[in-house]
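When you line the sequence shown up against the numbering used here, it's residues 12 to 221, in that order. Where a beta carbon is used, it is the ideal one built from N, C-alpha and C, also for glycine. On a predicted model such as this, the values are computed, not experimentally measured, just so you know. What follows is a short report on a single structure.
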Amino acid sequence: MFSYLVCTICHEKKPVDAFHGRSRQTPTGLREYRSRQCKACEHAARNAYNHTEAGKQYLARQKLALETDPERRARYEAYQTSEAAQASRREYEKSDKGKARMERFLLSEKGEKYRTEKWRRHRVKRADLIEQSGDTLAPWQWRKILRAYRHACAYCASTYGPMEPDHVVPVTKGGANIKENIVPACHACNQKKGDETGWIPNPPSLVLKW
Ligand SMILES: [Zn+2]
Ligand SMILES: [Zn+2]
C-alpha cells in the first residue's frame with residue numbers, strides 16, 4: 012500500500028488519508044480504490060460546480076428526490092442518525108475548518124440568538140439535573156476541599172489561576188453536587204474534561220475529615 016499519493020489537480024504529494032476512498036461494483040465484485048484528486052481539490056471542484064447553473068439544477072433535483080422518494084428519505088435518515096455520521100460530525104466540529112465555521116456562525120445575527128437561547132436551555136437543564144441527583148454542597152465545604160488540596164488542581168496539580176469546583180462524576184452523567192463528588196480543577200483541566208467520565212482525581216495532600 013502506498014502511504015502517499017500525488018493529486019492530479021494540485022500535483023501535491025499528500026498522505027492517502029487526504030484522498031477519498033471509494034468502492035465500485037465490478038463483474039468480479041466490489042473494488043476499492045482511492046480518488047486520484049485530493050479531498051481539498053475534489054471539494055473545491057464540487058463547490059465551484061454547485062454554483063453553476065447546472066450544479067444548482069442538480070442540487071434541486073437531489074433535494075426533490077429526497078422529499079418525494081420515501082425509500083431514499085429513509086436511507087438518508089438512517090445514515091444521518093448512524094454512529095458513523097455522528098462521529099464524522101464530531102470530527103468536523105473539532106477540526107480547524109469546523110471551528111472556524113462555528114465562529115462565523117456565532118458572530119452572525121442568527122448565531123447570537125442561538126447562543127443566548129442555547130445557554131438558557133443549558134442552564135435550565137443543568138439546574139434540573141442537579142436538583143434530581145442531589146445538591147448539598149455548601150460554600151464552607153468547597154473551601155475545606157480547596158484547603159485540603161492546597162489550592163491545586165486534582166488532575167494536573169497546577170496552582171495556576173483560581174480553581175473551579177469539578178464534578179468528578181459529571182452532572183450530565185448523574186453526578187450530584189455534593190462534597191464527595193467535588194474536587195478542585197484548574198480551568199484548563201475542567202474545560203478538557205467537560206462531561207467525560209474516567210478522569211481519576213488525585214487524593215488531597217491533606218487528610219479531608221468531615
Ligand atoms: Zn489536490
Ligand atoms: Zn489541571
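- Its Cα nearest to that of Ser144, the residue Val180 stands out among Gly32, Arg72, Val180 and Tyr166.
- For the options Arg131, Lys24, Tyr166 and Met174, the alpha carbon positioned closest to that of Arg154 is the one of Met174.
- Residues of the same chain with a CB within less than 8 Å of the CB of Lys184, apart from the 5 flanking positions on each side, are Asp206 and Thr208 in chain order.
- If the five residues before and after Cys167 are omitted, its C-beta is found closer than 7 Å to the C-beta atoms of Cys197 and Cys200, all from its own chain and listed in chain order.
- These are the residues, in chain order, with a beta carbon less than 5 Å from any non-hydrogen atom of ligand 1: Cys18, Ile20, Cys21, Cys49 and Cys52.
- In this structure Arg35 touches Arg42 by the C-beta definition: roughly 5 Å separates them, less than 8 Å.
- The Cβ atoms of Arg137 and Val194 lie no closer than 7 Å to each other.
- Annotation for Lys203: the continuous alpha helix (DSSP H) segment containing it runs His198 to Lys204.
- At the C-beta level, Ala96 and Tyr90 come within 7 Å of one another.
- Residue range Glu120 to Ser144 is occupied by the alpha helix (DSSP H) that includes His133.
- In chain order, Asn61 place their CB closer than 7 Å to the CB of Leu70, counting only its own chain and leaving out the 5 sequence neighbours on each side.
- Taking C-alpha positions only, Arg83 is separated from Tyr125 by approximately 31 Å.
- By a beta-carbon distance limit of 8 Å, Ile141 contacts Asn188. Their separation comes to about 5 Å.
- A check of alpha carbon separations from Lys24 across Lys67, Ala56, Thr170 and Tyr15 identifies Tyr15 as the nearest.
- Ala163 is positioned such that its CB atom lies no closer than 7 Å to that of Pro215.
- Spatial neighbours of Ser169 in its own chain (CB-CB distance under 6 Å, excluding positions within 5 residues in sequence) are listed in chain order as Cys197.
- The residues Ala165, Tyr166 and Ala168, in chain order, have a CB closer than 8 Å to that of Asn213 in the same chain once the five nearest residues on each side in sequence are set aside.
- Thr79 sits in a helix when the DSSP states are folded into three classes.
- Check the Cα spacing between Gly32 and each of Asp139, Gly172, Glu120 and Lys50: the tightest is with Lys50.
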